[in-house]
Structures are given as C-alpha cells and as structure tokens.
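J.: Residues in the sequence shown are numbered from 1 upward in steps of one, following UniProt numbering. We put the beta carbon where it would ideally sit given N, CA and C, even for glycine.
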Amino acid sequence: MSSHGYAVARVHMHDWIMLLLLVLIEITLYMIHPFYRFVGKEMMTDLKYPLKSNTVPVWAVPMLAIVLPIVIFLVVYVRRRDIYDLHHAILGLLFSILVTAVITDAIKDAVGRPRPDFFWRCFPDGKDVYDKWGDVICHGDKNVIKEGHKSFPSGHTSWSFAGLGFLSLYLSGKLKAFDRKGHVAKLCIIFLPLLAASLVAVSRVDDYWHHWQDVFAGGLIGLVVATFCYLQFFPPPHHPEGWGPYAYFTMLEESRGMAQGPNSQNGSQEAQSENQDGQSQHGCIGLSLAENQTSTLEDELESGRR
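#1: Check the C-beta distance from tyrosine 230 over to leucine 169 and give it rounded, since I have them as a contact under 8 Å.
#2: Of all the options Gly182, Arg180 and Ala9, which has the alpha carbon lying nearest to the alpha carbon of isoleucine 83?
#3: Check whether the Cβ atoms of valine 102 and threonine 157 lie closer than 9 Å to each other.
#4: Which value, in whole angstroms, describes the spacing of the CA atoms of alanine 110 and phenylalanine 35?
#5: Please classify tyrosine 36: does DSSP put it in a helix, a strand, or coil?
#6: Along the chain, which unbroken stretches of the alpha helix (DSSP H) at least 4 residues long are found entirely within the segment 80-141?
#7: Can you give me the C-alpha to C-alpha distance between valine 11 and alanine 177, rounded to a whole angstrom?
#8: In angstroms, rounded to a whole number, what distance separates the CA positions of residue 311 and alanine 197?
#9: Taking the straight line between their C-alpha atoms, what separation do you get for lysine 163 and leucine 64?
#10: Do you know whose CA, among Tyr49, Gln260, Leu21 and Val75, lies nearest leucine 167's CA?
#11: Quick one: grab the DSSP three-state call for leucine 164.
#12: Report the three-state DSSP secondary structure of aspartate 214 (helix, strand or coil).
#13: Specify, as a first and last residue, the run of the alpha helix (DSSP H) that serine 198 falls within.
#14: What did DSSP end up calling glutamate 241 once you bin it into helix, strand or coil?
#15: From valine 205 to alanine 247, what does the alpha carbon distance come to, in whole angstroms?
#16: Between the beta-carbon of methionine 44 and the beta-carbon of phenylalanine 119, is there less than 9 Å?
#17: Whole-angstrom Cβ separation of glycine 165 and glycine 222, contact assumed at under 8 Å?
#18: Between which two residues does the alpha helix (DSSP H) carrying valine 23 extend?
#19: Using a Cβ-Cβ cutoff of less than 7 Å, which residues in the same chain neighbour methionine 13 once the five nearest sequence positions on both sides are dropped?
#20: For phenylalanine 73, count neighbouring Cβ atoms within 10 angstroms of its own Cβ and tell me buried if that reaches 16, exposed if not.
#21: When DSSP labels each residue in this structure, what does proline 62 get in the three-state scheme?
#22: Look at lysine 146 and leucine 29 and say whether their C-beta atoms are less than 9 Å apart.
#23: Quick one, are the C-beta atoms of proline 114 and valine 215 less than 9 Å apart?
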C-alpha cells in the first residue's frame with residue numbers, strides 16, 4: 001500500500017500543494033476582521049436573543065465532517081484493497097471541506113451580518129450606547145464582538161454538508177443505491193449523513209448563533225461544493241461504474257491495452273506469414289498449371305505436324 005499509495009499521491013502532487021494553499025487562505029480569512037456594518041437601535045429587536053454556548057462545539061465539526069468519512073473510507077479500503085479509491089476519496093473530501101471553508105469565510109467577512117445574540121455581545125451589561133448617527137458603540141470583548149459579525153453563512157452548517165454530503169455521495173456509489181432494484185434500505189443508509197448535517201444546522205438556529213437564512217445558505221454551499229468535488233474523482237452514483245473512481249477504470253483500460261499489445265503484434269506477424277505462404281502456394285499452383293498447358297500445346301503441335 002505504501003509504495004503504490006505514494007506513487008498515486010505523487011501523480012496528484014499539485015493537488016496536495018493546492019490544498020496547503022487553501023489552508024493558508026482559510027487561516028487568513030479567519031483571522032482578518034469582518035465588515036462591521038451599521039447596526040441601529042431599531043434593528044436590535046431581532047438581535048436580542050440570549051447568548052448561549054454551542055450545542056455542537058467547534059471541535060466536533062471536523063470530527064463529523066472529516067474524521068468520520070475518512071474512517072469509513074478506510075473500512076472500504078480494508079475490504080476492497082483499492083488504493084485509487086482511498087486516495088481519491090480522501091483528496092476529494094479535503095477539497096470539499098477546504099473550498100467550502102474558504103467560500104464561507106470569505107462571504108462572512110464581506111457581509112458582516114450580526115448574529116441573533118449580537119446585543120449581548122455588544123453590550124454584556126445590557127446598557128446599549130449609540131453614536132450620533134445611531135450606530136452601536138460596543139463595549140464588550142473585542143473577540144466576542146468580532147465573532148458576532150460572522151452570522152452569514154453558517155460555518156458549522158457548510159462544513160457539515162460539505163463533509164457528510166460527500167460521504168453520502170460516496171456511500172450511494174458504493175452501495176449502488178440507484179441500480180433500479182428498489183432497495184429502500186440503501187437509501188436509508190445514505191440519508192443518515194445528511195440527517196446528521198441537518199441536525200447540526202438546526203442546532204445553530206436553536207442556539208441563536210444564526211438566522212435561518214444563514215444555515216440555509218451554508219447547507220447549499222456545502223452540498224454544491226461536495227457534489228462538484230465528488231464528480232471530479234468519481235462517476236455519478238447512478239452510473240453503472242459509479243462504485244469506483246475514474247482512475248481505477250483508466251488504469252484497468254491501460255492494463256488491458258498493454259496485455260493485448262504483444263498479442264495483437266504476434267497475430268499480425270502470423271497473418272503476414274500465412275499470407276506469404278499462401279502467395280507462394282498459389283505461385284506453385286500457377287506454375288504447374290502453366291507447365292501442363294505448355295506440354296499440352298506442344299503435343300498438339302507435334303500431332304499436327306505428323
């Protein structure tokens with residue numbers, strides 16, 4: 001596995017380098033300040049929800065979106081021993097997560113929408129203060145206020161749907177869920193990751209960390225990116241070859257071509273030899289016929305002379 005896996009990874013070295021660049025971009029986007037939009041007193045009606053802790057903590061999202069799918073990929077590898085499938089599944093998953101993260105945080109920083117609990121982030125003592133234009137003058141913790149301007153779209157939701165959505169597509173291909181045989185049990189299995197992602201999204205609204213539009217947009221971003229990344233490495237789940245990566249079938253065709261190459265060359269040489277033998281045999285037959293015709297003509301001439 002190690003040598004062959006290294007060879008496969010080496011072919012996709014530029015993809016792994018791109019992943020590192022995406023990590024750097026994501027770190028930069030996370031650290032910069034988002035846009036601090038105008039928040040007036042009349043807007044606080046929808047931003048006075050209580051400040052609560054996360055039902056799904058931040059560390060649990062990578063566990064659900066990255067670690068869990070990779071564990072399932074490894075289980076499939078142990079059963080099938082297909083290094084192409086394992087490598088492309090992990091690479092596609094990481095691309096799905098990181099592209100989603102970059103898109104999500106870029107929009108967060110550009111939009112700067114206040115969270116539903118923004119009032120208590122801005123005024124932890126409950127005493128609101130505004131400037132002469134009616135904008136808030138926050139006196140809370142700077143990091144808490146900064147995080148309060150990152151409501152749209154939901155990062156928890158986009159990450160969950162990017163990772164678990166990719167896993168759902170992967171399982172639907174491996175289980176051949178769309179083989180037109182009507183096995184509903186297969187659909188129940190591939191719906192489980194999507195259900196888990198949906199519950200994460202609902203928890204963000206219940207915790208008053210996001211508006212419903214935030215989680216809807218986050219889920220849409222995650223699913224769209226996951227679909228694009230999956231189809232980059234695997235056929236659609238409804239395809240007859242949807243159970244394996246493109247690279248596996250390409251390798252299979254190349255192996256067959258290499259195996260058939262010497263056989264086809266030997267076959268052409270044998271055919272050429274047979275053709276030459278046939279031509280020589282036809283030449284001998286023609287020569288004997290010509291000799292017979294010549295002897296017959298000579299006999300007739302001799303009899304005429306007589």
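T.: So, from the data block:
#1: 5 Å
#2: Ala9
#3: no
#4: 6 Å
#5: coil
#6: 83-111 and 118-122
#7: 31 Å
#8: Examination of residue 311 is not possible in this model, given that the chain is present from 1 through 306 alone.
#9: Sequence check: residue 163 is glycine here, not lysine. If I take the Cα positions, the gap works out to 8 Å.
#10: Val75
#11: helix
#12: helix
#13: 184-206
#14: coil
#15: 41 Å
#16: yes
#17: 6 Å
#18: 13-31
#19: none
#20: buried
#21: helix
#22: no
#23: no
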